[in-house]
Structures are given as structure tokens and as C-alpha cells.
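**Student:**
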Amino acid sequence: MRILTWNINGIRACKQSLKQELCDLSGDIVCLQETKITRDLLDEETAIQDGYSSYFSFSKKKSGYSGVATYCKAHATPVSAEEGLSGILTDKMKGTSDVIGHYGDLSEFTNEELISLDSEGRAILTEHQYRDTYGNIRQLVVINVYCPRADPDREGRLNYKLQFYKLLQIRAEALLKAKKTVIILGDFNVSHKPIDHCNPDADDEKFYARPSRHWLGQLLMDTSSSCKSATKQNSQKKPSKFIDTFRYFHPKQEHAFTCWSTVTGARQTNYGTRIDYIVSDVSLCQEEFEDCEIVQDFEGSDHCPVRATLKGTPEPFDKLPSMCTKFMPEFYGRQQKLSTFFTKGLEKEKLAKTDRTQAIGSASLGKEKLPSSWKRNLGKSDYEPSFKRTKSDSKNKSHKTVSITNFFKKVPSATQGSSSKETQNLNDIQLQNDTDQIDDIAKTIHIGKVPRGDEDKGIDGGKNEGSLGMTGETNSSETNGLVKGTNVRSKTKKQMVSSWKDILKGPRPPPLCKGHKEPCLLRTVKKPGPNLGKQFYVCCRPEGHKSNPEARCNNFEWVVPLKKLKEVKGDEHERETKI
0 MRILTWNING IRACKQSLKQ ELCDLSGDIV CLQETKITRD LLDEETAIQD
50 GYSSYFSFSK KKSGYSGVAT YCKAHATPVS AEEGLSGILT DKMKGTSDVI
100 GHYGDLSEFT NEELISLDSE GRAILTEHQY RDTYGNIRQL VVINVYCPRA
150 DPDREGRLNY KLQFYKLLQI RAEALLKAKK TVIILGDFNV SHKPIDHCNP
200 DADDEKFYAR PSRHWLGQLL MDTSSSCKSA TKQNSQKKPS KFIDTFRYFH
250 PKQEHAFTCW STVTGARQTN YGTRIDYIVS DVSLCQEEFE DCEIVQDFEG
300 SDHCPVRATL KGTPEPFDKL PSMCTKFMPE FYGRQQKLST FFTKGLEKEK
350 LAKTDRTQAI GSASLGKEKL PSSWKRNLGK SDYEPSFKRT KSDSKNKSHK
400 TVSITNFFKK VPSATQGSSS KETQNLNDIQ LQNDTDQIDD IAKTIHIGKV
450 PRGDEDKGID GGKNEGSLGM TGETNSSETN GLVKGTNVRS KTKKQMVSSW
500 KDILKGPRPP PLCKGHKEPC LLRTVKKPGP NLGKQFYVCC RPEGHKSNPE
550 ARCNNFEWVV PLKKLKEVKG DEHERETKI
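Just so we're aligned: the sequence shown equals residues 0 to 578 in numbering that gives the first Met the number 0.
Structure representation (C-alpha cells):
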């Protein structure tokens with residue numbers, strides 16, 4: 000059995016279809032984090048995939064934020080599924096087979112805290128029947144989590160993060176106490192040890208001083224020496240009940256990162272952190288896990304997937320849990336709002352009217368006959384063309400589109416008979432673009448097409464207005480006048496372009512970085528503070544370790560505004576003059 004976790008960073012932002020993504024991931028249980036979708040934005044194509052059952056948790060606070068989803072293949076159909084860690088969101092379902100239960104002692108949390116911790120759509124639990132290598136059926140609970148980030152600019156988020164960690168651990172240990180087998184996987188938003196970070200603190204005490212890292216250290220068993228010695232407990236701390244499965248099999252593998260900064264292009268130099276984990280209870284890892292690997296070559300997000308392989312197989316359940324997205328009313332065929340009912344009715348009526356219109360068009364050409372019932376229900380104007388001018392037509396007539404032919408319009412006189420009619424007909428023609436219009440006019444007066452090199456430069460309509468006779472006759476002097484006007488217009492345009500280029504010099508070229516002598520990148524400070532909005536130059540190469548020559552050098556340069564630059568140059572000139 001394969002279990003996989005991946006922070007997808009927006010389930011609607013996939014470069015390819017979700018169906019193809021699931022196929023490429025090739026997991027029996029696929030857990031996604033940071034889906035950034037709420038229930039009102041969830042479409043059927045995302046919610047229901049052939050061969051899978053899916054389970055979503057949405058953020059109740061804001062749209063396009065957080066969210067997790069678990070997709071299970073048909074042969075790994077869960078026995079039950081549950082949203083959240085505290086049970087607050089499943090109060091109505093308690094006592095039924097769809098609830099996993101076993102929440103532990105939550106007395107240290109207030110009811111408001113529990114509601115807040117489960118309101119951001121950060122946890123989905125699914126319980127599966129797992130047949131181990133001995134043929135025994137184990138009740139395996141998979142906890143799919145997206146742990147909060149301690150944003151320093153948002154007050155109280157660090158405390159929120161630590162409270163979430165505490166609630167997660169209480170729930171996982173309560174499930175173990177109830178004789179369940181437990182796997183916790185997802186984005187933990189913390190790196191465990193210096194080996195899991197591209198740029199750790201030189202001082203280990205300072206590195207481990209972070210509260211979130213301290214929590215993860217006491218949750219997990221130490222596997223730093225080798226996988227064989229993983230069963231030896233650290234005497235200085237309480238025996239851990241869970242283990243980092245990747246480090247169990249790869250205790251000394253370096254540069255095993257799962258997340259990189261997209262702004263600095265750090266994935267190109269593998270300058271990242273390992274914050275995505277598959278954590279298992281100790282006995283399950285030692286007895287049933289074959290391997291756990293990081294799939295770094297799988298792109299589509301700022302994270303990469305982590306995949307674990309177990310020796311046993313999942314046993315499907317014959318009934319889908321009620322939390323499955325297939326049972327959501329919007330996908331199950333139930334009407335939720337009165338407006339939805341009328342909308343669907345209007346759509347059907349519109350489609351029916353379109354079919355009748357197509358049939359009427361065919362009947363008017365003599366291809367088929369109209370049903371007598373349609374003729375009774377439709378008015379005469381519905382199946383007989385009308386040539387009467389409507390009020391809307393008269394309004395549209397008053398707002399004529401200005402065409403290039405208007406510049407060649409000849410004012411009709413009282414003695415002009417057929418000539419005025421020809422002029423009027425010419426003015427009514429609406430051509431697609433100016434080039435075609437000039438060509439057609441040139442054909443009318445028998446002077447051929449305007450040369451292709453000048454057709455986008457225009458014609459001096461004022462000077463040549465008198466030379467364009469609409470009777471179909473012309474002479475060489477008229478032709479020369481037209482070409483001369485075109486050349487004058489072309490020279491005028493070139494002079495204007497040259498003048499504007501002298502006035503507007505464009506942006507200054509970026510400086511060269513000191514390390515690679517390559518043009519720098521222009522960046523803008525977006526972090527709130529005294530430098531917000533200021534611009535600076537940095538090396539154009541991706542971020543990486545200092546020892547990597549292909550990585551970004553330490554070049555940094557503030558952009559000096561043009562006004563200040565002139566003032567500085569002026570001061571320097573004054574100093575030189577005094578000297």
C-alpha cells in the first residue's frame with residue numbers, strides 16, 4: 000500500500016488536470032494540503048474523481064486559504080471519515096459509525112479555542128481497514144494535517160500554532176490508546192533538525208530553542224544514529240510514541256528538502272527545508288513500512304510529495320462514509336436554493352428556444368416542416384422574417400462608426416445625380432481595418448494598391464480630398480498627389496518618434512552584480528516597515544548555499560531615485576569646482 004502527502008499550493012492552480020496529477024502520484028491514499036478552496040468554489044470535476052472517494056475540510060474564516068483533502072482509491076475506501084481534531088465539527092454525527100471518535104482529554108482548551116482551531120480547515124481523518132503481513136486486520140487512522148505557520152506580522156499566530164500542535168498530539172495519542180494504528184502526515188511547517196534545513200543556526204541551542212521545533216523533538220523518537228538503534232529511547236525525555244519514517248530509513252541523508260522559495264528560485268539549487276512528514280506509530284513503522292522517499296522531481300508546487308510504502312494491503316469497505324463529497328447535496332442531485340431551481344428552468348427554456356430557432360431557420364429554407372404545435376405557440380414574428388425597422392435600429396443608426404472612408408467623402412451638389420448616390424453607397428461600407436479600406440479606395444479610382452511599405456503610415460486625407468473623384472476616373476497628377484501625401488505623413492511620423500525618444504530615455508539599465516558580472520534583478524520591498532515600497536537590485540541567479548558558485552552572490556544595492564541622483568551629482572560638481 001502506498002500513502003502519499005503533498006502540499007499542492009492551490010488545487011485549482013494545477014498545471015495539468017487533477018485526474019492526471021492523481022495518476023502521476025500513484026498513491027492508494029493521497030493527502031493534499033493547502034487546497035485554497037472553499038465549499039462554494041468546489042466544482043464537481045475536483046470533488047469527484049473516477050476510481051476515488053474524496054474528503055475535504057474547508058476554511059470557515061476566509062476564502063482561498065488553507066484547506067486539506069484526502070483522495071482514497073476504491074480498494075482503500077475508508078470505514079469512516081471526520082473533519083477536525085476536536086470533534087466540534089462532528090457533534091451531530093456522534094454515536095454513528097461515521098465518526099472515528101477518541102478525542103482525549105481536552106479540558107485545557109476552552110470551547111472557543113477548539114472552534115477556532117478547527118475553523119481553518121486544517122485536518123481530515125480517515126479510518127481504513129489494513130491487512131498486515133501476518134494477515135491480521137488493523138484499524139489504521141490517517142490524520143491529514145496542514146499545521147499553521149507562525150507569521151511574525153500577525154499577533155497571536157505563534158500561540159495558535161502551538162495550541163494546534165498540542166491538540167494534534169492529544170488526538171493521536173488518544174487513538175493509539177484506543178488500539179488504533181496511527182499515521183500523521185502533511186505539512187508540519189517546522190524542520191526537525193539542522194540536517195533538515197539549508198541554513199540552520201550555527202548554535203544548536205539557538206536552533207532547538209524554537210517552541211515548534213521543541214514540540215516536534217519530543218513527539219518523535221530519535222533516529223539520528225541508525226535505523227537499527229531507533230528503538231533505543233533517550234533517557235532524558237519521555238519515551239516517544241511516534242517516529243519520522245523518512246529518517247528511520249535515511250538517518251544521514253543530506254539535502255533531503257521538501258519545500259523551496261519560489262521567489263528566489265531556490266529549487267534550482269536545492270536550497271530549502273524539510274517540513275513535510277509521514278509520521279507513524281513506532282510499531283507500525285518497524286513492522287510494516289518498506290520505505291519512505293521524497294519525490295523531489297515532481298513539480299507543480301513550492302513543495303514536493305513524500306511517499307511511503309507499506310508491506311500490507313488496504314481492505315475496501317462496502318459503504319462510503321457520509322462525509323464523502325459524492326454525498327454533498329450540490330453533487331447528489333438535491334435542490335438547495337429556490338433560485339437554483341429557477342436558474343435550471345431558465346436554462347432548459349433557453350435551450351428549447353434555441354432548438355426551435357434552428358428548426359425555424361431550416362423550415363424557412365424549405366428543408367423541413369414546422370410542427371403544428373410550435374406554430375400555435377409561436378407568434379407570426381417568430382417564424383416569419385420581418386424587414387421593418389425597429390426603434391433600436393434607428394438609435395443604432397444615429398451612432399455611426401467613424402470609418403476612414405469618411406475622409407474621402409465628396410460633398411454632393413445639386414447637379415450631381417448618380418455621383419451622389421455612389422458616394423453615399425461608398426460611405427455605408429464598413430471595412431475591417433484601415434489597410435483594406437485604403438486598398439479598396441485605390442481600386443475604385445484605378446490607381447492600384449497602396450505600397451505595402453506605407454500602408455500602416457496613413458494618407459493625408461486633407462491634401463488629397465479633391466483629387467479622389469468618385470466617378471471612377473483619375474489621372475497621373477492625382478496619383479502623384481496621393482503618394483506625395485503618404486511620404487509626407489511617413490516623414491512626419493518618423494520625426495515625432497525620434498523626438499519622443501529624445502525626451503523619454505526609458506529606464507536606466509540595471510547594474511552588474513559583483514560576483515558574476517551579470518545584469519541584476521529589480522525587486523520591491525513588500526514587508527511592512529520603513530522600507531516598504533523601496534526598490535533594490537540583487538543578483539539574478541537563484542538563491543543557494545555560499546559554497547555553490549552557481550548560486551546567487553551577495554550583491555545588494557538600493558535603487559537611488561533619479562531626483563536624488565541628480566542632487567548627488569550636482570553636489571559633486573560643486574565640490575570639484577571649489578577644489
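No residue lacks a Cβ here, since even glycine has one placed at the ideal position from N, Cα and C.
Applying the 10 Å Cβ sphere with the 16-neighbour rule, what's the burial state of M495?
**Tutor:** On the sequence shown, position 496 is the one that residue 495 refers to. Exposed.
**Student:** What does the Cβ neighbour count give for S498, buried or exposed, with the cut at 16 atoms within 10 Å?
**Tutor:** Position 499 of the sequence shown, counted from the first residue, corresponds to residue 498. Counting Cβ neighbours within 10 Å, S498 comes out exposed, since fewer than 16 surround it.
**Student:** DSSP state of D186, grouped into three classes?
**Tutor:** Locating residue 186 in the sequence shown gives position 187, counting from the first residue. Three-state DSSP puts D186 in a strand.
**Student:** Provide the residue span of the alpha helix (DSSP H) that contains F163, from first to last.
**Tutor:** Counting from 1 along the sequence shown, the entry for residue 163 is found at position 164. Looking at the DSSP string, the run of the alpha helix (DSSP H) that includes F163 is 156-176.
**Student:** Since C146 and R121 are thought to touch, with beta carbons under 8 Å apart, how far apart are those beta carbons, to the nearest angstrom?
**Tutor:** The residue given as residue 146 occupies position 147 in the sequence shown. The residue given as residue 121 occupies position 122 in the sequence shown. Rounded, the Cβ-Cβ distance is 7 Å, consistent with contact.
**Student:** Bridge partners for S79 per DSSP, in chain order?
**Tutor:** Looking up residue 79 in the sequence shown gives position 80. S79 is bridged to E126.
**Student:** Counting Cβ pairs, one atom from each stretch, are 3 or more of them under 8 Å apart for the stretch 35-54 and the stretch 6-23?
**Tutor:** They touch, by the three-pair rule.
**Student:** Can you tell me whether G134 is buried or exposed, with buried defined as 16 or more other CB within 10 angstroms of its CB?
**Tutor:** Counting from 1 along the sequence shown, the entry for residue 134 is found at position 135. With fewer than 16 other Cβ atoms within 10 Å, it is exposed.
**Student:** Less than 8 Å between the beta carbons of F245 and V305, yes or no?
**Tutor:** Working through the sequence shown from its first residue, we reach residue 245 at position 246. Working through the sequence shown from its first residue, we reach residue 305 at position 306. Result yes, Cβ atoms of F245 and V305 sit closer than 8 Å.
**Student:** Suppose the cutoff is 8 Å on Cβ atoms and the five residues either side in sequence are ignored; what does the same chain contact list for P508 look like?
**Tutor:** For the purposes of this step, residue 508 is taken as residue 509 along the sequence shown, with counting starting at 1. Same-chain partners within the cutoff: P518.
**Student:** Give me the DSSP bridge partner(s) of L503.
**Tutor:** As a position in the sequence shown, residue 503 is number 504, starting the count at 1. Per DSSP, none; premise fails for L503.
**Student:** Nearest to P527 by alpha carbon, out of S211, E286, D150, K165?
**Tutor:** Mapped onto the sequence shown, residue 527 falls at position 528. Out of S211, E286, D150, K165, D150 has the C-alpha closest to the C-alpha of P527.
**Student:** Is it a yes or a no for the stretch 248-258 touching the stretch 173-185, going by three-plus beta-carbon pairs under 8 Å?
**Tutor:** no
**Student:** Since S56 is in the beta strand (DSSP E), which residue starts that stretch and which ends it?
**Tutor:** As a working note, residue 56 is residue 57 in the sequence shown. Its beta strand (DSSP E) spans residues 51-56.
**Student:** Quick one: what's P518 bridged to in DSSP?
**Tutor:** Locating residue 518 in the sequence shown gives position 519, where the first residue counts as 1. The partner list for P518 (beta bridge, DSSP) reads L511.
**Student:** Excluding the 5 residues preceding and the 5 following Q168 in the sequence, name in chain order all residues of the same chain whose CB lies nearer than 7 Å to its CB.
**Tutor:** Taking the sequence shown and counting its residues from 1, the one referred to as residue 168 is at position 169. Here the set comprises L218.
**Student:** From the DSSP output, in three-state form, read off K492 for me.
**Tutor:** As a working note, residue 492 is residue 493 in the sequence shown. Of the three classes helix, strand and coil, the one that applies to K492 here is helix, per DSSP.
**Student:** Report yes if the CB atom of D243 is closer than 8 Å to the CB atom of H191, and no otherwise.
**Tutor:** Mapped onto the sequence shown, residue 243 falls at position 244. Mapped onto the sequence shown, residue 191 falls at position 192. Yes, these two residues count as a Cβ contact at 8 Å.
**Student:** Whether or not the stretch 261-275 and the stretch 530-545 are in contact is what I'm after, with contact meaning three or more pairs of Cβ atoms, one per stretch, closer than 8 Å; do they touch?
**Tutor:** yes
**Student:** Who are the near neighbours of M322 in its chain, counting only those whose CB is closer than 6 Å to its CB and skipping five residues on each side?
**Tutor:** Mapped onto the sequence shown, residue 322 falls at position 323. Y54, A80.
**Student:** Can you give the Cα-Cα distance for K513 and W557, rounded to whole angstroms?
**Tutor:** Here the question's residue 513 lines up with position 514 in the sequence shown. Here the question's residue 557 lines up with position 558 in the sequence shown. Taking the straight line from one Cα to the other gives about 14 Å.
**Student:** Whose CA, out of S282, Y331, F297, lies closest to the CA of L309?
**Tutor:** If you number the sequence shown from 1, residue 309 lands on position 310. If we check each option's Cα against that of L309, S282 comes out closest.
**Student:** Contact between the stretch 104-116 and the stretch 74-89: three or more CB pairs below 8 Å?
**Tutor:** yes
**Student:** Short of 6 Å in beta carbon distance, which residues of its chain neighbour C291, apart from the five on each side in sequence? Order them along the chain.
**Tutor:** On the sequence shown, residue 291 is found 292 positions in, with the first residue counted as 1. Excluding residues within five positions, the ones whose Cβ falls inside 6 Å are T244, F245, F248, I277, A307.
**Student:** Note down, in chain order, each residue of its chain lying with its Cβ closer than 7 Å to the Cβ of I578, except the 5 sequence neighbours on either side.
**Tutor:** Sequence index remark: in the sequence shown, residue 578 carries index 579 (1-based). Confidence is the limiting factor: at I578 the pLDDT is only 45, short of 50, which leaves the residue's position unreliable, though a coordinate-based value still follows. Contacts found: none.
**Student:** Would you mind reading off the limits of the beta strand (DSSP E) that contains R1?
**Tutor:** Numbered from its first residue, the sequence shown carries residue 1 at position 2. 1-6 is the span of the beta strand (DSSP E), which, as asked, contains R1.
**Student:** Within 7 Å: the Cβ of Y536 and any heavy atom of the ligand SAM?
**Tutor:** Within the structure as shown, the ligand SAM is missing, as the structure has no ligands at all.
**Student:** I28 by DSSP, collapsed to three states: which one?
**Tutor:** Locating residue 28 in the sequence shown gives position 29, where the first residue counts as 1. It is a strand residue.
**Student:** Do S58 and S65 come within 8 Å of each other at the CB atom, strictly closer than that value?
**Tutor:** Position 66 of the sequence shown, counted from the first residue, corresponds to residue 65. Position 59 of the sequence shown, counted from the first residue, corresponds to residue 58. Yes, the pair counts as a contact, with Cβ atoms nearer than the cut-off.
**Student:** Count the other CB atoms within 10 Å of the CB of H254; is the residue buried (16 or more) or exposed (fewer)?
**Tutor:** One-based indexing of the sequence shown puts residue 254 at position 255. H254 is exposed by the Cβ-count criterion.
**Student:** Please state whether DSSP places K72 in a helix, a strand or coil.
**Tutor:** Translated into the one-based positions of the sequence shown, residue 72 becomes position 73. In this structure, K72 counts as strand in the three-state DSSP scheme.
**Student:** Just to confirm before moving on: does the CB-CB distance between A73 and G100 stay below 8 Å?
**Tutor:** As a first step, residue 73 is located in the sequence shown; it is residue number 74 there, counting from the start. As a first step, residue 100 is located in the sequence shown; it is residue number 101 there, counting from the start. The answer is no: Cβ separation not under 8 Å.
**Student:** If distances are taken between C-alpha atoms only, which option among C30, V294, P77, A46 comes closest to F330?
**Tutor:** Looking up residue 330 in the sequence shown gives position 331. Comparing Cα positions, the closest option is A46.
**Student:** Taking DSSP's pairing of strands, which residues face C303 in a bridge?
**Tutor:** To locate residue 303, count along the sequence shown from 1; it is residue 304. In the DSSP output, where bridge partners are listed per residue, C303 has none listed.
**Student:** Considering only residues of the same chain and omitting the five flanking positions on each side of C284, which have a CB-CB separation below 7 Å?
**Tutor:** Position 285 of the sequence shown, counted from the start, is the residue given in the question as residue 284. Only I242, T244, Y247 meet the Cβ criterion.
**Student:** Check for me: the beta strand (DSSP E) holding I242 runs from which residue to which?
**Tutor:** Working through the sequence shown from its first residue, we reach residue 242 at position 243. Taken as a continuous stretch (DSSP letters only), the beta strand (DSSP E) holding I242 covers 241-243.
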